[in-house]
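Numbering (mature numbering (1 follows the signal peptide of the UniProt record, and there is no 0)), first residue to last: -23 to -1, 1 to 707.
Scroll down for the structure; my scribbles are underneath it.
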């Protein structure tokens, strides 16, 4: 299909979405970071963002930040390379997150290693985002949207050429936090064989807020956001062989994070090492297409206190996790006739998890002398099959109907605490570990998913996309199996940045979400001149996995006082509830002027509002982003791309009182960006938060970066920063 180009803009967060993703239409980001340009396919409404290395200094270390480029997309603050993605009120494991064809389960009780952290921005070839309704052929076991990330496709020498090569080398620097990094991409290919290498390194120190937000403690200044430092190394090697219309590709990916601080968590990452093997086959035949994949990932993860949190601590607290993720999947695509295409697929995924906490001392204490077993030999097997029918009814109407069935089986082994005195005797049936060990821990869930997407284009000035979906998601290992009500143990469970403690629930049922979404897009004869898109959506979730104050029958931290506490840190148990989330996203742009002397000027505006309600408790859902708006003026002037942006965020007053979620004030941030490209060289400069505005992150949770870890201080955002990037392409 012919694509009408739109002028490149400065940075992913500043994209003027000429025809952005609708109810189910994906946003596809073709990335060779840093920097972005936009292409729109007017036939299917997909937004394609192609990237080059001119202006991404602010995205260079955290892949999840790319979600900020679309209305309704944001991140929940975590570590410097481990942001948790948020789409329209749902986040983290509620979303379908895939890297190179498969999802990576969280091998951490604090979700410090989310799926998007395994591929850095510099190594990404394509991102596809489904904001609300996800076709069943894309994946399952998630109640929200989807973010699909892929490495660059293998290149092969063109006909008439025996050898081709390409690559890029670059680096970036951010003044706030003294963050810097480098990357190297190199590819070489013949007509039948291709090899690609990508490597990157990033290092960051503690960032600073615009002003002091806490007292100086243990020598840490009041404006320093402690425990926000990090370091990460990535190595990716892909080899491919092509014959006729078939391609076989083998990918090896290695990640090493020696340390990563988490300013809104009680623990820090002291190591995360992952090896991913991915074998992928794709073939085209006269009858259709065949795609097969097999993969394996091993994650070794450890937590403890880094230097900032260690100050004032009586002793360290080592926590170790080993996760193994294996799977196979296959899909065939068959054209039934000129108007109908059928996709059939099946998959199997096996997750294996061990989570244990070595004793901090050999003596009888809160953390000794035995090894604490949090999850022993945890297993989660998923069997899935789907059918998806795509139909082009006529030039104006097309549809995508699909059904997916999943069977999820889970189990785990016996547990024990650091000692019997404080955690219970695992041999006693009256104790918590004894009760857990004698219970039936095996679980099986049979879920079905349905998606229906209808696209209507009545004329060249408007398109409408309606999406309907029923999505089911089984509980995770960390929602079912954490067993102890000891306050220290409960404080180590949780990925919500709230400082609260959590305990699992063996009686959890699968979440079932019913979603409806409508995207209406209006534009001129030339979509580059102006466009407006409005996307309302609504999701009702039965058996939503929320939380309740843990019952006093569990003992330990689950006291009567905890049931009624209206401030401070509290102790919770995962529980099924009913919930609804609704909202509206808006995206628009208009060309203001086009001159020979000063180039093209474009004004863009993106806004999002989401509201989540816990219908069982009649309270707001946790971590809902308040009303926000991005206004930007872009200049495309020869080799220059210049942008002035104002980001406005309303006060967060709708908060979850169960978790004692803090309120945050409204704020506005002014950002300036410029980028230059000439020949093989590309450079960018950004002045982020130019006016050094102090603000609290609405989805940042509480500040826990140092001791004493006290309740009440929301995690602040970064103060002024000068961000630069430079890249050479060859």
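Quick reminder that beta carbons are idealized off the backbone N, C-alpha and C, glycines included.
All values derive from a computational prediction rather than experimental measurement.
Nearest neighbour of residue i, chosen from the options [CA to CA]
i: residue 271; options: 221, 265 and 327; result: 327
i: residue 651; options: 616, 164 and 287; result: 616
i: residue 173; options: 149, 217, 67 and 535; result: 217
i: residue 99; options: 63, 163 and 363; result: 163
i: residue 41; options: 93, 79, 71 and 76; result: 93
i: residue 521; options: 598, 461 and 584; result: 598
i: residue 719; options: 126, 534 and 388; result: Outside the displayed range of the chain (-23 to 707) lies residue 719, so it cannot be described from this structure.
i: residue 476; options: 430, 545 and 439; result: 545
i: residue 340; options: 395, 386 and 206; result: 395
i: residue 208; options: 408, 179, 228 and 169; result: 179
i: residue 655; options: 663, 704, 638 and 671; result: 704
i: residue 519; options: 456, 247, 123 and 447; result: 447
i: residue 176; options: 226, 117, 707 and 144; result: 144
i: residue 222; options: 260, 201 and 239; result: 260
i: residue 494; options: 324, 397, 245 and 510; result: 510
i: residue 101; options: 648, 63, 76 and 80; result: 76
i: residue 187; options: 538, 668 and 707; result: 668
Counted within 10 angstroms of its Cβ, other Cβ atoms place residue i as buried (16 or more) or exposed
i: residue 276; result: buried
i: residue 119; result: buried
i: residue 572; result: exposed
i: residue 242; result: buried
i: residue 696; result: buried
i: residue 416; result: exposed
i: residue 691; result: buried
i: residue 543; result: exposed
i: residue 354; result: exposed
i: residue 472; result: buried
i: residue 211; result: buried
i: residue 700; result: buried
i: residue 33; result: Confidence in residue 33 is poor, its pLDDT being 49 and thus under 50, which makes the residue's placement too unreliable to answer from.
i: residue 30; result: For residue 30, the predicted structure reports a pLDDT of 32, less than 50, and the residue's modelled location is therefore unreliable. The matter cannot be settled from this model.
i: residue 574; result: exposed
i: residue 611; result: buried
i: residue 538; result: exposed
According to DSSP, residues forming a beta bridge with residue i
i: residue 370; result: Bridge partners of residue 370: none, in fact.
i: residue 648; result: 622
i: residue 405; result: Residue 405 is not bridged to any residue.
i: residue 360; result: 325 and 384
i: residue 590; result: 557 and 597
i: residue 245; result: 281
i: residue 496; result: 442
i: residue 665; result: 698
i: residue 710; result: The structure shown has nothing for residue 710, since the chain only spans -23 to 707.
i: residue 87; result: Residue 87 is not bridged to any residue.
i: residue 260; result: 223 and 267
i: residue 436; result: 439
Rounded Cβ spacing between residue i and residue j (contact assumed at less than 8 Å)
i: residue 192; j: residue 199; result: 6 Å
i: residue 293; j: residue 287; result: 7 Å
i: residue 468; j: residue 481; result: No, residue 468 and residue 481 are not in contact; Cβ-Cβ is about 14 Å, not under 8 Å.
i: residue 568; j: residue 614; result: Their Cβ separation, rounded to whole angstroms, is 14 Å, which puts residue 568 and residue 614 out of contact at 8 Å.
i: residue 464; j: residue 548; result: 7 Å
i: residue 631; j: residue 602; result: About 10 Å; that fails the 8 Å criterion.
i: residue 498; j: residue 280; result: About 45 Å separates the two Cβ atoms, so there is no contact after all.
i: residue 239; j: residue 60; result: Going by Cβ atoms, the distance from residue 239 to residue 60 rounds to 11 Å, so no, they are not a contact pair.
i: residue 123; j: residue 113; result: Not confirmed; about 11 Å, so no contact.
i: residue 153; j: residue 185; result: 6 Å
Beta-carbon gap between residue i and residue j smaller than 9 Å
i: residue 190; j: residue 675; result: no
i: residue 584; j: residue 562; result: yes
i: residue 237; j: residue 252; result: no
i: residue 673; j: residue 641; result: yes
i: residue 84; j: residue 330; result: yes
i: residue 517; j: residue 553; result: no
i: residue 147; j: residue 157; result: no
i: residue 425; j: residue 381; result: yes
i: residue 321; j: residue 364; result: yes
i: residue 39; j: residue 128; result: no
i: residue 133; j: residue 169; result: yes
i: residue 523; j: residue 591; result: yes
i: residue 624; j: residue 564; result: no
i: residue 702; j: residue 665; result: no
i: residue 302; j: residue 332; result: no
i: residue 560; j: residue 66; result: yes
heavy atom of the ligand SAM below 8 Å from residue i C-beta
i: residue 597; result: Annotation note on the ligand SAM: not contained in the displayed structure, which lists no ligands.
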